[in-house]
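Visitor: Once you've had a glance at the structure underneath, I'll fire off some questions.
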Amino acid sequence: MPLFEPTVYALTELRARNQAANTISSNLRSIQVFYLFLNLRGIDLFTRLSSGQLISLGEVEDLARLCRLPVERLDAMLNDPAETREQSKPLSLEKARMRSHADAHEEVDPAFAGTRMHYIRGYIEWLVSDRLARHGLDKQVSNNLISSLNRVLPAITARIPRGKQHGPLNQREGLAPEIVAELLRVVSPQSSDNPWRGEYARYRNALIVHWLYYLGLRRGELLGVKISDIDFRKGTVTIHRRADDSNDPRTNQPQSKTKAREMPLDDGLKSLTYAYVMNQRASLAGARKHEFLICADLTGQPMSLPALNKVFNVLREKCPGLPASLSPHVLRHTWNDRFSEEMDKRQTSEESEKKIRSYLMGWSETSGTAATYTRRHTRKKAQEVSLKMQGQMKGEDKDNA
């Protein structure tokens with residue numbers, strides 16, 4: 001039976017903020033880890049809340065350690081009493097260090113552990129706010145609760161792993177034009193180097209690459225496109241944000257993190273899409289049961305995220321001319337590089353460029369996301385400026401000219 005408080009939190013807080021289903025699910029899985037921690041430590045949280053207390057700083061440290069464990073280990077702790085007793089024992093500093101060293105090889109990615117702690121922190125903050133909003137709460141208890149919250153939240157924040165910090169040389173960039181040309185050549189259904197044998201897979205995968213490259217979509221956005229979203233007469237597609245689509249049979253529904261928007265399709269992309277819908281997609285019996293544009297080649301069901309990832313795995317493995325970094329998201333970076341180049345040619349103002357880019361990418365105009373997607377263009381412009389300056393400075397340097 002679902003726990004009452006997490007259910008209320010999901011319905012009144014997360015859903016009220018229009019969070020995607022995957023985000024809500026991730027929140028609840030993190031909260032599950034929190035309740036496991038309470039169980040292991042024998043903590044009755046609601047008794048503590050009633051007395052104005054939360055968890056101690058030492059318990060925050062234990063919580064952080066638990067958040068670093070993989071789900072398989074957590075499942076074992078739930079099902080194995082001996083494992084549960086071992087994990088619930090308070091550790092001395094030396095034993096904690098020894099266990100930390102022994103368990104390091106089975107810890108989750110720091111960013112994933114950080115996400116768990118971030119969601120747990122939000123849930124704790126909501127629990128306290130909910131308790132403080134109740135009528136009849138003793139003033140001293142209320143003050144103690146606020147004081148405890150002001151200690152616990154910063155303590156959790158301080159223990160959230162930041163993940164690997166990549167320098168500018170290691171950050172993701174878009175593809176160079178010659179790599180894009182090779183990619184488009186390889187995925188052409190007529191190419192002898194196309195790694196797929198089946199006709200449907202060849203045409204569908206070519207369409208996937210073209211949509212991701214020419215429109216800069218996220219993979220979840222592409223997999224969420226329905227045929228009814230495309231207006232072939234106008235040459236447009238509407239990218240919708242559909243949380244919990246009742247017509248989507250996929251267990252893990254692809255989600256859009258961006259705002260809904262209408263995007264244009266040029267004649268080439270429109271014709272390629274129309275031909276695929278009328279010929280290749282129409283040949284799949286399973287595809288007649290739903291409206292999603294991109295389908296699995298055997299069943300005709302809407303394509304899943306793992307299946308889309310596999311398309312790029314095959315391209316990386318079978319095509320030596322393509323880089324190991326190739327992914328749907330790298331194509332989104334590539335689109336942003338091309339967009340920057342086009343704005344430079346048009347001498348578009350910085351403010352107008354930001355507004356246009358934000359609309360096409362589905363970002364808020366106040367978002368700082370653009371910097372993440374324009375690294376290659378920024379690096380190239382920086383190199384051009386540096387070389388021009390060096391030339392000018394050498395001209396001024398009589399001795400070294």
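Here the UniProt record's numbering is used: position 132 in the sequence shown is 132, and no number is missing along the way.
Each residue gets a CB set at the ideal place from its N, CA and C atoms; glycine is no exception.
All values reported here derive from a predicted model rather than from experimental measurement.
Go through its chain and collect everything with a Cβ distance to residue 293's Cβ below 7 Å, but skip five positions before and after it.
Guide: Walking along the sequence shown from the start, residue 293 turns up at place 293. Once the five neighbours on either side are set aside, the close Cβ partners of residue 293 are 225, 226 and 227.
Visitor: Closest to residue 235 by CA distance: which of 251, 271 and 77 is it?
Guide: In the sequence shown, counting from the first residue as 1, residue 235 sits at position 235. Among 251, 271 and 77, the Cα nearest to that of residue 235 belongs to 271.
Visitor: Count Cβ pairs between the segment 172-185 and the segment 304-312 that sit closer than 8 Å; are there 3 or more?
Guide: Contact between the segment 172-185 and the segment 304-312 is absent, because fewer than three Cβ pairs lie under 8 Å.
Visitor: Roughly how far, in whole angstroms, is the beta-carbon of residue 52 from the beta-carbon of residue 150, given that I think they are within contact range, below 8 Å?
Guide: Here the question's residue 52 lines up with position 52 in the sequence shown. Here the question's residue 150 lines up with position 150 in the sequence shown. The pair is not a contact, with the Cβ atoms about 12 Å apart (cut-off 8 Å).
Visitor: Per DSSP, which one or two residues make a beta bridge with residue 295?
Guide: Against the sequence shown, residue 295 aligns to sequence position 295. 302.
Visitor: Just confirm the distance between the C-beta atoms of residue 117 and residue 160, as a whole number of angstroms; I'd bet it's less than 8 Å.
Guide: Mapped onto the sequence shown, residue 117 falls at position 117. Mapped onto the sequence shown, residue 160 falls at position 160. That belief holds up - the Cβ atoms of residue 117 and residue 160 are roughly 5 Å apart, short of 8 Å.
Visitor: In terms of residue numbering, what span does the beta strand (DSSP E) encompassing residue 177 cover?
Guide: Locating residue 177 in the sequence shown gives position 177, counting from the first residue. Element bounds for residue 177: not the beta strand (DSSP E) but the alpha helix (DSSP H), 177-187.
Visitor: Check each candidate in 109, 185, 154 and 29 and name the one with the smallest Cα separation from residue 119.
Guide: Locating residue 119 in the sequence shown gives position 119, counting from the first residue. Comparing Cα-Cα distances from residue 119 to each of 109, 185, 154 and 29, the minimum goes to 29.
Visitor: Taking the alpha carbon of residue 282 as the point to measure from, which residue in 331, 199, 58 and 190 has its own alpha carbon closest?
Guide: In the sequence shown, counting from the first residue as 1, residue 282 sits at position 282. That would be 199, whose Cα lies nearest to the Cα of residue 282.
Visitor: Count the other CB atoms, across all protein chains shown, that sit within 10 Å of the CB of residue 194; report buried if there are 16 or more and exposed otherwise.
Guide: Here residue 194 corresponds to residue number 194 of the sequence shown, with the count starting at 1. Flag for residue 194 reads buried.
Visitor: Going by other Cβ atoms of all chains shown within 10 Å of its Cβ, with 16 needed for buried, is residue 220 buried or exposed?
Guide: Here residue 220 refers to the residue found at position 220 of the sequence shown. That one is buried.
Visitor: Strictly under 8 Å for the Cβ-Cβ distance: is residue 109 near chain D by that measure?
Guide: This model lacks chain D altogether; it includes just one protein chain.
Visitor: Just verifying my parser: in three-state terms, what is the DSSP assignment at residue 31?
Guide: Mapped onto the sequence shown, residue 31 falls at position 31. Three-state DSSP puts residue 31 in a helix.
Visitor: Which runs of the alpha helix (DSSP H) fall wholly inside the segment 225-277 and span at least 4 residues, in chain order?
Guide: Taking only runs of at least 4 residues, the alpha helix (DSSP H) segments lying wholly in the segment 225-277 are 267-275.
Visitor: Skipping 5 residues on each side, what residues in its chain have a beta carbon closer than 6 Å to that of residue 280?
Guide: Within the sequence shown, residue 280 is the residue found at index 280, counting from 1. Closer than 6 Å at Cβ, skipping near neighbours: 200 and 203.
Visitor: Can you tell me the Cβ-Cβ gap for residue 241 and residue 259, rounded? I've got them flagged as a contact below 8 Å.
Guide: As a working mapping, residue 241 is identified with position 241 in the sequence shown. As a working mapping, residue 259 is identified with position 259 in the sequence shown. About 7 Å separates the two Cβ atoms, so the contact holds.
Visitor: Under the three-state reduction of DSSP, which class applies to residue 328: helix, strand or coil?
Guide: Position 328 of the sequence shown holds residue 328. DSSP places residue 328 in helix when its eight states are reduced to three.
Visitor: Closest to residue 63 by CA distance: which of 73, 47, 37 and 76 is it?
Guide: As a position in the sequence shown, residue 63 is number 63, starting the count at 1. Considering only alpha carbons, the answer is 37.
Visitor: Going by DSSP, what residue range makes up the alpha helix (DSSP H) through residue 194?
Guide: Within the sequence shown, the letter at position 194 stands for residue 194. Careful: residue 194 lies outside any alpha helix (DSSP H) and carries neither H nor E.
Visitor: Among residues of its own chain, excluding the 5 on either side of residue 318, which ones have a beta-carbon nearer than 7 Å to its beta-carbon?
Guide: Locating residue 318 in the sequence shown gives position 318, where the first residue counts as 1. Once the five neighbours on either side are set aside, the close Cβ partners of residue 318 are 195.
Visitor: Would you report the Cα separation of residue 206 and residue 362, rounded to the nearest angstrom?
Guide: The residue labelled residue 206 in the question sits at position 206 within the sequence shown. The residue labelled residue 362 in the question sits at position 362 within the sequence shown. So the alpha carbons of these two residues sit roughly 24 Å apart.
Visitor: Does DSSP classify residue 133 as helix, strand or coil?
Guide: Translated into the one-based positions of the sequence shown, residue 133 becomes position 133. Residue 133: coil per DSSP, three-state reduction.
Visitor: Can you tell me where the alpha helix (DSSP H) holding residue 289 begins and where it ends?
Guide: The residue you call residue 289 lines up with position 289 of the sequence shown. Taken as a continuous stretch (DSSP letters only), residue 289 belongs to no alpha helix (DSSP H), as it is neither H nor E.
Visitor: Distance check for residue 176 and residue 255, CA to CA, integer angstroms please.
Guide: Position 255 of the sequence shown, counted from the start, is the residue given in the question as residue 255. Position 176 of the sequence shown, counted from the start, is the residue given in the question as residue 176. Rounded to the nearest angstrom, the two C-alpha atoms are 29 Å apart.
Visitor: Below 8 Å on the Cβ atoms is my contact criterion, and I expect residue 108 with residue 208 to pass it. Report the Cβ-Cβ distance as a whole number of Å.
Guide: By 1-based counting over the sequence shown, the position of residue 108 is 108. By 1-based counting over the sequence shown, the position of residue 208 is 208. That pair is no contact at about 30 Å.
Visitor: What separation, rounded to the nearest whole angstrom, lies between the Cα atoms of residue 152 and residue 40?
Guide: Within the sequence shown, numbered from 1, the residue matching residue 152 stands at position 152. Within the sequence shown, numbered from 1, the residue matching residue 40 stands at position 40. Looking at the two C-alpha atoms, the distance is approximately 19 Å.
Visitor: Using the rule of at least 16 other Cβ atoms within 10 Å of the residue's Cβ for burial, across every protein chain shown, is residue 158 buried or exposed?
Guide: Your numbering for residue 158 matches position 158 in the sequence shown. Counting Cβ neighbours within 10 Å, residue 158 comes out exposed, since fewer than 16 surround it.
Visitor: What residues in its chain sit with their C-beta under 7 Å from that of residue 232, if we drop five residues either side in the sequence?
Guide: Within the sequence shown, residue 232 is the residue found at index 232, counting from 1. Cβ neighbours of residue 232 beyond the five flanking positions: 270 and 274.
Visitor: Between 137, 245 and 360, which has its C-alpha nearest residue 263's C-alpha?
Guide: Taking the sequence shown and counting its residues from 1, one reaches residue 263 at position 263. Measuring from the Cα of residue 263, the nearest candidate turns out to be 360.
Visitor: Inspect the beta-carbon positions of residue 248 and residue 302 and report whether they are closer than 8 Å.
Guide: Residue numbering aside, residue 248 sits at position 248 when the sequence shown is read from its first letter. Residue numbering aside, residue 302 sits at position 302 when the sequence shown is read from its first letter. For residue 248 and residue 302, yes; Cβs fall inside 8 Å.
Visitor: Which of the three DSSP states, helix, strand or coil, is assigned to residue 23?
Guide: The residue given as residue 23 occupies position 23 in the sequence shown. Three-state result, residue 23: helix.
Visitor: Suppose the cutoff is 8 Å on Cβ atoms and the five residues either side in sequence are ignored; what does the same chain contact list for residue 142 look like?
Guide: Locating residue 142 in the sequence shown gives position 142, counting from the first residue. Same-chain partners within the cutoff: 52 and 132.
Visitor: Since residue 27 and residue 10 are thought to touch, with beta carbons under 8 Å apart, how far apart are those beta carbons, to the nearest angstrom?
Guide: The residue you call residue 27 lines up with position 27 of the sequence shown. The residue you call residue 10 lines up with position 10 of the sequence shown. Indeed they touch by this definition, with Cβ atoms about 7 Å apart.
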